[in-house]
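Colleague:
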Amino acid sequence: ASITTRKDGPRLEEEGLEYESKDELDVLRRKERLTVDSTNTQYMTIVFNGEFDRDILTYPELLTKAESTQMNTLCERLKKFTDSIDRNKIERDNHIDKDIYKEMCKLKLHGLIIPEEFNGLSLNSQLSVRMFEELAVSPTITTQLLAHTEYGVRSLLVYGTDEQQRYYLPEMAKGNMIATACITEAHSGSDIRNIETTATVSDTDPNTYIINGKKMWITNGLNANVFLVYCKTKERHTSDDYDDRFSFFLVHRDMPGVTISPPVSTLGLRGLGLTHIEFKDVKVNAIHHLIGQLGEGLNILRNLHGYVRTTLSGMCVGVGKRLIQLASERAIQRESFSRKLMDQGLIQKRLFHMEIDTYTMESMTYLTSGILDSFSMPVISIESALTKIFATDRLYRIANDCLEIFGVEGIEIGHPVEQYLRDIRPWSMFDVPNDVLRLLTAWEGVMSVSTVIHDFVRKIRNPIHFPGTKLRHLLTGWTAQAQAMRAPFTFKHDLWEKVHPSLGIPAKDLEYCVFVLRNVTKETLTKSGRDIIDNQLYLRRLSEIVMEIFAMTAMLGRSSRAYSIGLKNCEHETEMTFLYCKHARLRIDKLAKEIHEHGYKTGDEHLQHLAKRMLIAKGYPITTPLERTY
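For the sequence shown, the working numbering begins at 37 and goes up steadily by one.
Encoded structure:
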């Protein structure tokens, strides 16, 4: 689009058409993208192979002034609502009062993403995440709403039939129907393919399925009346061995055969209504209760996880900002050794880490939600996973720093810091535990590269059949890869061209880190091939590298936009971006060196050996230093 100046003001032209404002043109472009089957580049997948889509450095933003105004209005209402919540009362009573639910219904919080035609607010992902961020000062309420919105409502919006949407969505928007997901089981853990709950077709009616099984630790199972149940599906006439077909069914609380346990006591998130739910011969009609297609459950779950992780990260941002506020007030008011805490270097360091961690997770979260809004079929499996890992891990560090600033006062029961420290702890285990998510993320990236260099890896790992390739690799490959970690490299993507000129140095740091990731990924595949899945310590290092790269990308795009349009305190953003990218490059170099070296040099072999000896002893194997042998 080009801008032309006219007497009545600037107008935008594109393909011979004129538009009154950039907002109008952007809205039309957005609608065009969303009405066709469009998908995005898998940004953090291709970096494993040294590629980089520069479009991701154009940070997404709200497309219209109307959306911005709507956001500010809703945030003001939500702040009044959250200020009125008595978190201590929820802690004491271990449940949320009906008055709070009534107020949530008035604010249409159960219908944040439900279209207006079904009485919802019709918010896009960016706006929805912003609302969850504002609500997150009360983690229990927000976690309940997360399960309802991103599992129950989202599954209907994306996969529900017109009939299902007309039946469920208006009632969900009003808060009359509260949804939650039933996925986790005691024996399956994080392995969603290993569930035991089954949905078997009836002998008398091919459209009726009978659900049997038990789901554990269900968020808001105490209050929800619609359950999104993840099951194995099979036909009666097949063998006794279930195949890998999984499906989602909507089950109502009042259906015969549904049994809900009393609420489970938990470390934090008191009042969450965590329960176990047993399904015994529960009959559902597939026409009305099946979500998506039969056997499509695994893909549905993977897609829903992208939304869940992004929204959960937004909740972490909200709590992070609240903890920064508490810590700042404490540092300003409190004196120690005749000096204000705010003037002491160690306190300043803690406050800095709290701020930069929050800024980074916020940048990653809204970049990911912007991708969700920009395409009709977004693919964000790695991006959302990296964001969730970073946000939940760093938030716990933020809470610990805040506790150190408050001292003993912060551990008093009922103190906000003590409550937040307990409430946020389960979030890293929500959806999929972070350690498992790290392995899955790195594995997905490595496998994407293996399809590109499969022939090369096959020859290197079979020197008897391909001696020439192996010899050339020994003479040139390892030396070149070792030097690549230290020597200058040729810029391939020129990332500095896509950001504000003042951010040229961190942009070059980012491109260097992409180069390093490509080298270590190729080296890892060459050493281990597909056996890399068994080397979890290497996979974790790869996931840490790509997470740093995504964080750098998000911060660069965001701070560049802020500086270019003159946002308040934009210089503050660019300074944090400089610092983060500088230190991220050093961390990535260290991780790459550990991958390049053998297990003996990194200490991995010692670590695993000592852990096995401890397991043989079934506990701490060392005797007390007070023991004697003489």
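Think of the CB as a built atom: it goes at the ideal place given N, C-alpha and C, for glycine as much as any other residue.
In its own chain, which residues sit with a C-beta less than 7 Å from the C-beta of residue 124, not counting the 5 before and 5 after it?
Modeller: In the sequence shown, counting from the first residue as 1, residue 124 sits at position 88. If we look at residue 124 and ignore the five residues flanking it on each side, its Cβ neighbours are 450.
Colleague: Does the region 579-595 come close enough to the region 394-405 that 3 or more CB-CB pairs lie under 8 Å?
Modeller: Yes, they touch.
Colleague: Using a Cβ-Cβ cut-off of 6 Å (strictly less than) and excluding sequence neighbours within five positions of residue 206, which residues of its own chain qualify?
Modeller: Here residue 206 corresponds to residue number 170 of the sequence shown, with the count starting at 1. Taken in chain order, the residues that qualify are 154 and 155.
Colleague: For the region 419-470, list the alpha helix (DSSP H) runs that are entirely contained and at least 4 residues long, ordered along the chain.
Modeller: Qualifying alpha helix (DSSP H) stretches, in chain order: 452-460.
Colleague: Which value, in whole angstroms, describes the spacing of the CA atoms of residue 531 and residue 610?
Modeller: As a working mapping, residue 531 is identified with position 495 in the sequence shown. As a working mapping, residue 610 is identified with position 574 in the sequence shown. C-alpha separation (whole angstroms): 16 Å.
Colleague: Let me know the beta strand (DSSP E) ranges lying completely inside the region 220-260, each 3 residues or longer, listed in chain order.
Modeller: As far as the region 220-260 is concerned, its whole beta strand (DSSP E) runs of at least 3 residues are 234-237 and 244-254.
Colleague: If I measure Cβ to Cβ from residue 17 and keep anything under 8 Å in the same chain, skipping five residues before and after, which residues do I get?
Modeller: The requested residue 17 does not occur in the structure, where the chain is confined to residues 37 to 666.
Colleague: Look up residue 319 in the DSSP assignment and say whether it is helix, strand or coil.
Modeller: Here the question's residue 319 lines up with position 283 in the sequence shown. Residue state, collapsed to three classes: strand.
Colleague: Just to confirm the assignment, what range does the alpha helix (DSSP H) spanning residue 535 have?
Modeller: By 1-based counting over the sequence shown, the position of residue 535 is 499. Neither: residue 535 is in no alpha helix (DSSP H) and is coded neither H nor E.
Colleague: Kindly confirm or deny that the region 565-585 and the region 77-94 touch, where touching means at least three C-beta pairs closer than 8 Å.
Modeller: Contact holds: three or more Cβ-Cβ distances are below 8 Å.
Colleague: Could you give the distance in angstroms between the alpha-carbon of residue 330 and the alpha-carbon of residue 474?
Modeller: Translated into the one-based positions of the sequence shown, residue 330 becomes position 294. Translated into the one-based positions of the sequence shown, residue 474 becomes position 438. Approximately 30 Å between the Cα atoms of the pair.
Colleague: If I follow the unbroken alpha helix (DSSP H) through residue 82, where does it start and stop?
Modeller: Residue 82 sits at position 46 when you count from the first residue of the sequence shown. From DSSP, the alpha helix (DSSP H) with residue 82 extends over 79-82.
Colleague: Measuring only the C-alpha atoms, how far is residue 239 from residue 465?
Modeller: Mapped onto the sequence shown, residue 239 falls at position 203. Mapped onto the sequence shown, residue 465 falls at position 429. One C-alpha to the other measures close to 39 Å.
Colleague: Report yes or no: do the region 94-110 and the region 438-456 share at least 3 C-beta pairs separated by less than 8 Å?
Modeller: At 8 Å Cβ cutoff, the stretches do not touch.
Colleague: Is it the case that the Cβ atoms of residue 209 and residue 146 are separated by a distance below 8 Å?
Modeller: Within the sequence shown, residue 209 is the residue found at index 173, counting from 1. Within the sequence shown, residue 146 is the residue found at index 110, counting from 1. The answer is yes: Cβ separation under 8 Å.
Colleague: At a cut of 8 Å, does the region 382-390 reach the region 306-325 through at least three beta carbon pairs?
Modeller: Counting Cβ pairs under 8 Å, fewer than three are found: no touch.
Colleague: Over the uninterrupted alpha helix (DSSP H) stretch that includes residue 270, give me the two end residues.
Modeller: Here residue 270 refers to the residue found at position 234 of the sequence shown. Unbroken run through residue 270 is the beta strand (DSSP E), 262-270; no alpha helix (DSSP H).
Colleague: Please classify residue 653: is it buried, with 16 or more other beta-carbons within 10 angstroms of its beta-carbon, or exposed?
Modeller: Residue numbering aside, residue 653 sits at position 617 when the sequence shown is read from its first letter. The residue in question, residue 653, is exposed, as its Cβ has fewer than 16 Cβ neighbours within 10 Å.
Colleague: Determine, using beta carbons only, whether residue 351 and residue 168 come nearer to each other than 8 Å.
Modeller: Counting from one through the sequence shown, the residue named residue 351 turns up at place 315. Counting from one through the sequence shown, the residue named residue 168 turns up at place 132. Yes. Within cutoff.
Colleague: Hey, could you find the ends of the alpha helix (DSSP H) residue 353 is sitting in?
Modeller: Within the sequence shown, numbered from 1, the residue matching residue 353 stands at position 317. Element bounds for residue 353: 333-369.
Colleague: So what does DSSP say about residue 288, is it helix, strand or coil?
Modeller: The count along the sequence shown starts at 1 and reaches residue 288 at position 252. Strand, per DSSP.
Colleague: So if DSSP puts residue 282 in a beta bridge, which residue, or which two residues, is it bridged to?
Modeller: Counting from one through the sequence shown, the residue named residue 282 turns up at place 246. Residue 282 is bridged to 268.
Colleague: Have a look at 332, 302, 310 and 405 and flag the residue whose alpha-carbon is nearest the alpha-carbon of residue 348.
Modeller: By 1-based counting over the sequence shown, the position of residue 348 is 312. Among 332, 302, 310 and 405, the Cα nearest to that of residue 348 belongs to 405.
Colleague: Does the region 170-185 touch the region 247-267, meaning 3 or more C-beta pairs lie closer than 8 Å?
Modeller: Yes, the region 247-267 touches the region 170-185.
Colleague: Helix or strand or just coil, what does DSSP make of residue 311?
Modeller: Residue mapping note: residue 311 aligns to position 275 of the sequence shown, counting from 1. The answer is strand: DSSP assigns residue 311 an E or B state.
Colleague: From this set, 487, 320 and 269, which residue's C-alpha is nearest residue 263's C-alpha?
Modeller: Working through the sequence shown from its first residue, we reach residue 263 at position 227. Comparing Cα-Cα distances from residue 263 to each of 487, 320 and 269, the minimum goes to 320.
Colleague: Kindly indicate which residue of 89, 91, 90 and 97 has the alpha-carbon position closest to the one of residue 601.
Modeller: On the sequence shown, position 565 is the one that residue 601 refers to. Residue 97 is the option with its Cα nearest to residue 601.
Colleague: Taking the Cβ atom as the reference point for each residue, do residue 80 and residue 422 lie within a distance shorter than 8 Å?
Modeller: Within the sequence shown, residue 80 is the residue found at index 44, counting from 1. Within the sequence shown, residue 422 is the residue found at index 386, counting from 1. Yes, the Cβ-Cβ distance between residue 80 and residue 422 is below 8 Å.
Colleague: Reducing DSSP to helix, strand and coil, say where residue 372 ends up.
Modeller: Mapped onto the sequence shown, residue 372 falls at position 336. DSSP places residue 372 in strand when its eight states are reduced to three.
Colleague: Which same chain residues, not among the five before or five after residue 519, have their C-beta less than 8 Å away from its C-beta?
Modeller: Counted from its first residue, the sequence shown places residue 519 at position 483. At residue 519, the pLDDT of 48 sits below 50, so the modelled position is not reliable; the number obtained from the coordinates is stated separately. Within the same chain, residue 519 has no close Cβ partners at all.
Colleague: Enumerate in chain order the residues of its own chain whose CB-to-CB distance from residue 392 is below 8 Å, with the five nearest sequence positions on each side excluded.
Modeller: The residue labelled residue 392 in the question sits at position 356 within the sequence shown. Closer than 8 Å at the Cβ level, and outside the excluded window around residue 392, lie 612, 615 and 616.
Colleague: Less than 6 Å between C-beta atoms, sequence neighbours within five positions excluded: which residues of the same chain meet that for residue 325?
Modeller: Taking the sequence shown and counting its residues from 1, one reaches residue 325 at position 289. Correct list, in chain order: 285 and 286.
Colleague: Residue 582 lies in the beta strand (DSSP E); which residues open and close that run?
Modeller: The residue labelled residue 582 in the question sits at position 546 within the sequence shown. Unbroken run through residue 582 is the alpha helix (DSSP H), 572-601; no beta strand (DSSP E).
Colleague: According to the Cβ coordinates, are residue 418 and residue 78 closer than 8 Å?
Modeller: Translated into positions along the sequence shown, residue 418 becomes position 382. Translated into positions along the sequence shown, residue 78 becomes position 42. The answer is yes: Cβ separation under 8 Å.
Colleague: Could you pull the start and end residues of the alpha helix (DSSP H) that residue 394 belongs to?
Modeller: Locating residue 394 in the sequence shown gives position 358, counting from the first residue. Run containing residue 394: 381-410, per the alpha helix (DSSP H) assignment.
Colleague: Is residue 473 helix, strand or coil by DSSP?
Modeller: For the purposes of this step, residue 473 is identified with residue 437 of the sequence shown, where counting begins at 1. Three-state result, residue 473: helix.
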